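A.B. asks:
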DNA sequence: CCCGGGTATGACAGCGCTAACATGCAGCCT
DNA sequence: AGGCTGCATGTTAGCGCTGTCATACCCGGG
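Residue numbers (the working numbering), protein chains in the order written: chain B, 116 to 467; chain P, 116 to 467.
1. Taking the beta strand (DSSP E) that residue 228 of chain P falls in, what are its first and last residues?
2. Flag this pair as touching only if the segment 411 to 421 of chain P and the segment 433 to 442 of chain B have three or more C-beta atom pairs under 8 Å; answer yes or no.
3. Grouping DSSP H, G and I as helix and E and B as strand, with all else coil, what is residue 455 of chain P?
4. Identify whether residue 361 of chain B lies in helix, strand or coil by the three-state DSSP scheme.
5. So, does the CB of residue 402 of chain B fall closer than 9 Å to a CB anywhere in chain P?
6. Using the beta-carbon count (16 or more within 10 Å), is residue 252 of chain P buried or exposed?
7. Between residue 466 of chain P and residue 422 of chain P, how many whole angstroms is the CB-CB distance? I'm expecting something under 8 Å.
8. Tell me the start and end of each unbroken beta strand (DSSP E) in the segment 136 to 197 of chain B that is at least 3 residues and wholly inside, in chain order.
9. Compare the beta carbon distance of residue 389 of chain P and residue 349 of chain P with 9 Å and say whether it is the shorter of the two.
10. Measuring straight from C-alpha to C-alpha, what distance separates residue 123 of chain B and residue 134 of chain B?
11. Can you list the residues of chain P that residue 285 of chain B reaches, using a CB-CB cut of under 7 Å?
12. Does the beta-carbon of residue 352 of chain P have 16 or more other beta-carbons within 10 angstroms, so that it is buried, or is it exposed?
13. On the CB-based measure, 16 or more other CB atoms within 10 Å of its CB, does residue 241 of chain P come out buried or exposed?
14. Is it true that the CB of residue 150 of chain P sits closer than 9 Å to the CB of residue 172 of chain P?
15. Which stretch, first to last residue, makes up the beta strand (DSSP E) that contains residue 354 of chain P?
16. Please state the DSSP three-state secondary structure of residue 321 of chain B.
17. By DSSP, does residue 391 of chain P sit in helix, in strand, or in coil?
18. What is the DSSP secondary structure of residue 378 of chain P, reduced to helix, strand or coil?
19. Under 9 Å between C-beta atoms, does residue 336 of chain P make it to chain B?
20. Could you say if the segment 269 to 288 of chain P and the segment 364 to 381 of chain P meet the contact criterion of at least three C-beta pairs nearer than 8 Å?
21. Scan the segment 220 to 248 of chain B for residues whose Cβ lies nearer than 9 Å to a Cβ of chain P and list them as they occur along the chain.
22. Against residue 155 of chain B, what residues of chain P qualify as contacts under a CB-to-CB distance less than 7 Å, listed in chain order?
23. Roughly how many angstroms separate the alpha carbons of residue 86 of chain P and residue 256 of chain P, rounded to a whole number?
24. Thinking C-alpha only, which one of B:355, B:404, B:279 is nearest residue 456 of chain B?
25. Below 8 Å on the Cβ atoms is my guess for residue 372 of chain B versus residue 345 of chain B; work out the distance and round it to an integer in Å.
26. Exposed or buried, what is residue 331 of chain P when buried is set at 16 or more other beta-carbons lying within 10 Å of its beta-carbon?
27. Which chain P residues sit within Cβ distance under 7 Å of residue 250 of chain B?
28. Shortest alpha-carbon distance to residue 320 of chain P belongs to which of P:308, P:309, P:310, P:334?
29. List the residues of chain B whose Cβ lies closer than 9 Å to the Cβ of residue 436 of chain P, in chain order.
30. What does DSSP give as the partner residue(s) for residue 444 of chain B in the beta ladder?
31. Please list, in chain order, the chain P residues whose beta carbon lies closer than 7 Å to that of residue 387 of chain B.
32. Would you mind listing the beta strand (DSSP E) stretches within the segment 238 to 277 of chain B that are 3+ residues and don't spill past its ends, in chain order?
33. Could you tell me the distance, in whole angstroms, from the CA atom of residue 357 of chain B to the CA atom of residue 209 of chain P?
34. Pick helix, strand or coil for residue 449 of chain B, following the three-state DSSP scheme.
35. Taking residue 215 of chain P as part of the alpha helix (DSSP H), name the residues at either end of that continuous run.
36. Just confirm the distance between the C-beta atoms of residue 272 of chain P and residue 289 of chain P, as a whole number of angstroms; I'd bet it's less than 8 Å.
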């Protein structure tokens with residue numbers, strides 16, 4: 116008679132063909148420590164509930180064998196991946212790197228890992244990156260900004276994935292938002308320039324259609340200029356909102372279009388630094404003839420000549436706060452407000 | 116008599132307590148399409164071997180249900196994670212971001228994902244980040260530089276994990292190295308300055324003990340200066356090798372120590388830009404009285420005043436090449452040479 | 001008509017781990 | 001003594017997928 120089907124036909128001590136050669140399994144540790152597999156699992160995940168003596172023996176076996184738990188198996192068994200998906204517009208800009216480090220600092224101590232992807236400022240790409248991530252069963256999601264493809268919003272709400280939107284505030288966040296008020300930041304710059312006597316403002320930055328957050332800063336700036344009776348800002352949009360290349364030529368176009376510009380708001384510091392440099396080449400005195408304000412307080416901002424007046428943004432802090440909110444939720448703690456408004460700060464230096 | 120142990124006691128259509136509510140499984144797709152689970156799996160992974168009619172029905176069911184395969188389960192079953200672990204020194208510098216994008220561009224089309232971590236230039240931290248990654252069963256590893264903790268080297272060799280070391284060349288790579296010659300780059304800068312008439316060179320950059328690649332550039336620079344009979348370079352090491360803050364004060368110390376310096380090599384562009392700016396503040400003419408060369412060709416380098424002469428490095432290309440080498444290996448193709456030397460390029464602009 | 005070989009699909013077990021429940025054993029109370 | 005409580009550990013059955021082998025079917029040749 117044939118073997119009954121439920122009798123193991125492989126997987127004994129010799130090792131089945133499907134098992135990875137040489138990989139150490141929890142079973143191996145258990146055997147060496149003289150306990151069962153589940154006890155090893157408990158030592159690794161909830162040491163407090165294991166007797167001290169047992170714990171010591173297991174720890175020793177783990178060390179001796181160099182055991183590393185297979186998290187794919189753990190994820191499958193526990194339905195918990197300890198993975199957080201993060202999508203930022205780009206990695207090339209250090210501003211988001213700060214936020215990622217903030218997230219990582221906070222989450223890694225809690226045993227979570229980050230999956231980081233970038234969207235290139237496109238909602239479609241964001242969706243496709245996210246789709247790819249979904250298969251890895253993230254327990255939470257961090258997105259940049261509040262503009263997302265409707266399909267993504269639906270997906271997230273349906274799955275009830277804890278989601279944090281960062282770098283902006285939302286009227287109706289998908290779940291939680293941790294950011295700052297880009298509109299107010301733009302207005303704050305307008306105030307500063309107006310108080311310094313600027314009458315003919317201009318703006319250099321990304322195409323409002325492409326970058327929602329920069330567009331809000333622009334809107335806040337424009338509104339406040341109007342409220343204070345300044346001339347309507349001359350706006351020079353750029354295709355790539357982070358390109359010093361484009362900033363240089365854009366600045367030249369700007370002064371050609373309106374030679375009387377006496378105040379310039381650059382939608383980020385990379386552009387502002389390039390503008391300051393081009394101003395020097397054109398012998399336009401900054402801040403004498405033109406005041407320039409940046410945004411973001413990049414590392415170099417404080418060190419260019421003249422030192423750049425800019426808006427400091429809580430990049431690292433947003434990451435930390437977003438992480439904390441997610442951990443609070445995971446541990447079933449308080450929920451807190453849905454929209455968390457961290458503050459920005461105008462840093463006055465020499466350029467305005 | 117009790118139920119025989121091999122009879123399923125749960126997991127029927129009602130859903131067991133352990134199953135995630137509402138999650139769609141391959142089984143659900145199979146049922147809707149009127150095929151078995153394995154056929155769905157084949158449609159998703161090797162569509163070519165499935166009959167066209169079946170494939171269409173399955174694709175439709177996948178779409179209709181919005182099915183996303185659980186990669187944790189797939190990883191466990193196939194022993195293939197489609198995951199590549201990457202460790203860079205920091206995310207805050209755009210130079211590594213380029214490399215990561217290069218890796219990601221190439222790997223994502225092949226269905227691989229990246230796990231990115233940062234080591235803060237510390238071999239110990241690198242090891243601990245790597246340990247954390249191991250549990251997710253990466254199929255390959257990308258490390259920055261060729262200096263690693265011995266424990267890490269042992270671990271990688273023992274597991275036979277395909278490994279690429281980037282951003283440097285190694286005499287004895289762990290496995291594969293794809294980088295460029297930092298020593299030669301330093302020498303190349305020395306050549307350029309010497310030809311321009313520099314006699315009293317200096318170097319501003321990270322502490323050689325902390326950053327091995329910057330140290331090699333320094334060594335190459337120093338050696339070539341000596342070979343050309345220049346005065347031995349005055350070296351001003353910095354604790355944080357990327358800090359414009361420190362560059363500014365370091366530059367001041369440098370000119371105080373040796374007022375006759377007529378050529379400065381900054382070990383990266385962030386420092387070089389800060390140095391140029393401080394030179395202006397001190398009314399030191401660049402390049403008239405002092406020539407300055409950077410390293411890395413950051414975005415802003417071409418746009419500061421004076422425009423920065425620097426060394427362009429194949430950041431994106433290293434990522435792509437590293438990815439290709441790993442994919443070649445995964446697909447069992449040719450092995451190629453162990454150490455791949457991509458070229459750098461001195462970009463002459465105005466500052467030297 | 002059967003047979004061999006190729007193609008398309010299915011059944012089954014198991015990847016390595018953990019949730020859920022079961023068991024065993026002190027220590028204490030009645 | 002019997003039972004009850006609480007702690008430490010073990011047993012069992014999956015988690016959702018894919019490797020492997022089995023099977024069904026079709027086609028053409030003998």
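Positions of the beta carbon are idealized from the N, C-alpha and C atoms, including for glycine.
Predicted model only: the values in this text are computed from it and were never measured.
C.D. replies: Reading off the structure:
1. For this step, residue 228 of chain P is matched to residue 113 along the second chain. Run containing residue 228 of chain P: 228 to 233, per the beta strand (DSSP E) assignment.
2. no
3. As a first step, residue 455 of chain P is located in the second chain; it is residue number 340 there, counting from the start. Here residue 455 of chain P carries a strand assignment [DSSP, helix/strand/coil].
4. Taking the first chain and counting its residues from 1, the one referred to as residue 361 of chain B is at position 246. Residue 361 of chain B falls in the helix class under three-state DSSP.
5. Along the first chain, one-based indexing puts residue 402 of chain B at 287. For residue 402 of chain B, the answer is no, since every Cβ of chain P falls outside 9 Å of its Cβ.
6. Taking the first residue of the second chain as position 1, residue 252 of chain P is located at position 137. Residue 252 of chain P comes out buried.
7. For the purposes of this step, residue 466 of chain P is taken as residue 351 along the second chain, with counting starting at 1. For the purposes of this step, residue 422 of chain P is taken as residue 307 along the second chain, with counting starting at 1. Confirmed, about 7 Å.
8. Entirely contained in the segment 136 to 197 of chain B, not one beta strand (DSSP E) run reaches 3 residues.
9. To locate residue 389 of chain P, count along the second chain from 1; it is residue 274. To locate residue 349 of chain P, count along the second chain from 1; it is residue 234. Not closer than 9 Å, so no.
10. Within the first chain, residue 123 of chain B is the residue found at index 8, counting from 1. Within the first chain, residue 134 of chain B is the residue found at index 19, counting from 1. Any reading at residue 123 of chain B must be qualified, since the residue scores a pLDDT of 36, below 50, and its modelled position is unreliable; no value is offered.
11. Taking the first residue of the first chain as 1, we reach residue 285 of chain B at position 170. Correct list: empty, because the minimum Cβ distance to chain P is about 25 Å.
12. Here residue 352 of chain P corresponds to residue number 237 of the second chain, with the count starting at 1. That one is buried.
13. If you number the second chain from 1, residue 241 of chain P lands on position 126. Residue 241 of chain P should be labelled buried.
14. For the purposes of this step, residue 172 of chain P is taken as the residue at position 57 of the second chain. For the purposes of this step, residue 150 of chain P is taken as the residue at position 35 of the second chain. A contact, by the Cβ cut-off of 9 Å.
15. By 1-based counting over the second chain, the position of residue 354 of chain P is 239. Unbroken run through residue 354 of chain P: none, as it is neither H nor E.
16. Taking the first residue of the first chain as 1, we reach residue 321 of chain B at position 206. Residue state, collapsed to three classes: strand.
17. By 1-based counting over the second chain, the position of residue 391 of chain P is 276. Helix, per DSSP.
18. Your numbering for residue 378 of chain P matches position 263 in the second chain. Residue 378 of chain P: strand per DSSP, three-state reduction.
19. The sequence position of residue 336 of chain P within the second chain is 221, counting from 1. Chain B, which has no Cβ nearer than 9 Å to the Cβ of residue 336 of chain P, makes this no.
20. no
21. 223, 226, 228, 229, 230, 231, 232, 233, 244, 246, 247, 248
22. Position 40 of the first chain, counting from 1, holds the residue named residue 155 of chain B. Result: empty, since nearest Cβ-Cβ is about 14 Å, beyond 7 Å.
23. Outside the shown range of chain P, which is 116 to 467, sits residue 86 of chain P, and nothing can be said about it.
24. Sequence index remark: in the first chain, residue 456 of chain B carries index 341 (1-based). Answer by Cα proximity: B:279.
25. Walking along the first chain from the start, residue 372 of chain B turns up at place 257. Walking along the first chain from the start, residue 345 of chain B turns up at place 230. Rounded, the Cβ-Cβ distance is 17 Å, inconsistent with contact.
26. Sequence index remark: in the second chain, residue 331 of chain P carries index 216 (1-based). Classification for residue 331 of chain P: buried.
27. The count along the first chain starts at 1 and reaches residue 250 of chain B at position 135. Simply 183, 184, 185, 186.
28. Locating residue 320 of chain P in the second chain gives position 205, counting from the first residue. Minimum Cα distance to residue 320 of chain P is reached at P:334.
29. Sequence index remark: in the second chain, residue 436 of chain P carries index 321 (1-based). Here the premise fails: no neighbours, minimum Cβ distance about 19 Å.
30. Taking the first residue of the first chain as position 1, residue 444 of chain B is located at position 329. Residue 444 of chain B is not bridged to any residue.
31. As a working mapping, residue 387 of chain B is identified with position 272 in the first chain. Those do not exist, as residue 387 of chain B stays about 11 Å from chain P at its closest Cβ, beyond 7 Å.
32. 255 to 259
33. Taking the first residue of the first chain as position 1, residue 357 of chain B is located at position 242. Taking the first residue of the second chain as position 1, residue 209 of chain P is located at position 94. The straight-line gap from Cα to Cα measures roughly 12 Å.
34. The count along the first chain starts at 1 and reaches residue 449 of chain B at position 334. Residue 449 of chain B: coil per DSSP, three-state reduction.
35. If you number the second chain from 1, residue 215 of chain P lands on position 100. Counting along the chain, the alpha helix (DSSP H) containing residue 215 of chain P begins and ends at 209 to 223.
36. By one-based count along the second chain, residue 272 of chain P stands at place 157. By one-based count along the second chain, residue 289 of chain P stands at place 174. Between residue 289 of chain P and residue 272 of chain P the Cβ distance is about 7 Å, and since that is below 8 Å, they are a contact.
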